[in-house]
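Residue numbers (our numbering), protein chains in the order written: chain A, 1 to 148; chain B, 149 to 296. Cβ atoms here follow ideal geometry from the backbone N, Cα and C, with glycine treated the same way. None of the values given here were measured: they were computed from a predicted structure. Below is one structure; the comments refer to it alone.
Number of protein chains: 2
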Amino acid sequence: MSASLHAIFKRIRAEGYKLTRPRRVVIEVLAGGETHMGASEIVAAVRQKAPDVGRASVYRALELLTRLGVVQVSAMGRATTVYMLTPACCHHHLVCVECRRTVELNECALRDLEKSLASRFGFQVQGHLVEIYGRCEACQDNPGSAPL
Amino acid sequence: MSASLHAIFKRIRAEGYKLTRPRRVVIEVLAGGETHMGASEIVAAVRQKAPDVGRASVYRALELLTRLGVVQVSAMGRATTVYMLTPACCHHHLVCVECRRTVELNECALRDLEKSLASRFGFQVQGHLVEIYGRCEACQDNPGSAPL
DNA sequence: TACGAAGTGAGATGTTGTCTCAATTATACG
DNA sequence: CGTATAATTGAGACAACATCTCACTTCGTA
């Protein structure tokens, strides 16, 4: 699914950051849980594995991991941010704007684009996220019935 | 840039929703401001044009407009959601994870994919958003110096 | 023009994210 | 293998962001 935990740990050290308990546990939680989790879910899961880890450290870990490209943040088409480990291979989301149900795709239309960006803008690409918004089959008939 | 305001207003009525003052002003603000705005910016701008509009109505309008595909929400690679009018044509973001500076692209690698999704999943595509994460040229040398 | 449903404003409430600072800990080095 | 030290942490205050409730207003229809 994504890079092995070991590889991620190594990466953190290689970038000059310490591999601390909060960081380790956050990564483990993200790797073991749903494909994408809300902040509160992550905090809860982390504190179940390691009750002495503070909330702030979870956010700080997510911040760092996002900067390193290990974690991606998405609004999933609404004003609720979710976090996920950056998938090793390309990964698109089909997000229903009514019910928020999500289909994950494993195809990629962007490999070539990504390469050209590096040379044209001097941009160091870490990964990308594609979100396609619309209504899933179920919600085309009864819009406005979103569960949340 | 995006569909004309008039077309959006028509669309709201066509979907059976009322074209109210808060909704009109939110759309005008999004059309007139930066390409993407934070929630608080939008609220401030709306209240400048129409001081009697409540905060909740701004959020409600954004919610509706998102469901209609008129507005898109993005986390811009971090835990801060921004809102923008859905661009008429394809629109990619290059988001720097260090400083959050953003480059906008006007090319599209997804037209074909989008079509095939409609038939394969019965998904009614409204639009898509591509976010490519990495470090911009300036931030490759001094990571960790993000302004926010 | 009057009616009814949809939408609204205000502010309480809930959630999410950030900050500060003394105490702790991971790593490099002797 | 200890020790120095700079990075990191935990707790909880704080701030920002988002949602909810409910009495009142307004849009669109007839």
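query, result
"Reduced DSSP category for A:L62 - H, G, I as helix; E, B as strand; rest coil", "helix"
"Proximity below 9 Å, CB of B:A187 to CB of B:T229", "yes"
"Under 9 Å (Cβ pairs) to chain B, residues found in the stretch 55–82 of chain A", "Y59, L62, E63, T66, R67, L68, G69, Q72, V73, S74, A75, M76, G77, R78, A79, T80, T81 and V82"
"Assigned exposure category for B:G225 - 16 Cβ within 10 Å defines buried", "buried"
"Beta-ladder partner(s) of A:Q72, from DSSP", "A:M84"
"From B:R215, B:R159 and B:V191, residue whose alpha carbon lies closest to that of B:A204", "B:V191"
"Coarse secondary structure for A:G122, derived from DSSP in three states", "coil"
"Own chain partners of A:V53 with C-beta closer than 7 Å, once the 5 adjacent residues on each side are dropped", "R21, P22, V25, V46 and R47"
"Own chain partners of B:L167 with C-beta closer than 7 Å, once the 5 adjacent residues on each side are dropped", "F157, I160 and R161"
"Euclidean distance between Cα positions of B:E176 and A:G32", "44 Å"
"As assigned by DSSP and simplified to three states, the class of A:G38", "strand"
"Chain B residues whose Cβ lies nearer than 9 Å to that of A:L94", "L265, F269, F271 and V273"
"Buried or exposed by the 16-neighbour rule on C-beta atoms within 10 Å, applied to B:A223", "buried"
"Euclidean distance between Cα positions of B:L233 and B:A209", "12 Å"
"Span separating the alpha-carbon of B:Y165 from that of B:L178", "19 Å"
"Reduced DSSP category for B:L167 - H, G, I as helix; E, B as strand; rest coil", "coil"
"Below-9 Å beta-carbon distance, A:V130 vs any chain B residue", "yes"
"Neighbour-count burial assignment, B:E279, 16 or more Cβ in a 10 Å radius", "buried"
"Local Cβ density within 10 Å of A:L148, reported as buried at 16 or more and exposed below that", "Legend: pLDDT at A:L148 = 31, less than 50; position of this residue unreliable, value from coordinates given subsequently. With fewer than 16 other Cβ atoms within 10 Å, it is exposed."
"Nearest residue (CA-CA) to B:V243, options A:E15, A:A7 and A:V73", "A:V73"
"Euclidean distance between Cα positions of A:E15 and A:V71", "15 Å"
"Cβ of A:V149 within 9 Å of any chain B Cβ", "Residue 149 of chain A lies beyond the residue range present for chain A, which begins at 1 and ends at 148; the question has no answer from this structure."
"Option nearest A:E137 by Cα separation, candidates B:L216, B:T214, B:G270 and B:A266", "B:G270"
"Three-state secondary structure (DSSP) of B:M149", "With a pLDDT of only 47 at B:M149, under the threshold of 50, the placement of this residue in the model should not be trusted, and no figure is reported."
"Burial state of A:R120 (16 or more Cβ within 10 Å)", "exposed"
"Within-9 Å CB hit, B:A187 to chain A", "yes"
"For A:V103, the residue or residues it bridges with in DSSP", "A:L94"
"Test: A:E98 CB closer than 9 Å to a CB of chain B", "yes"
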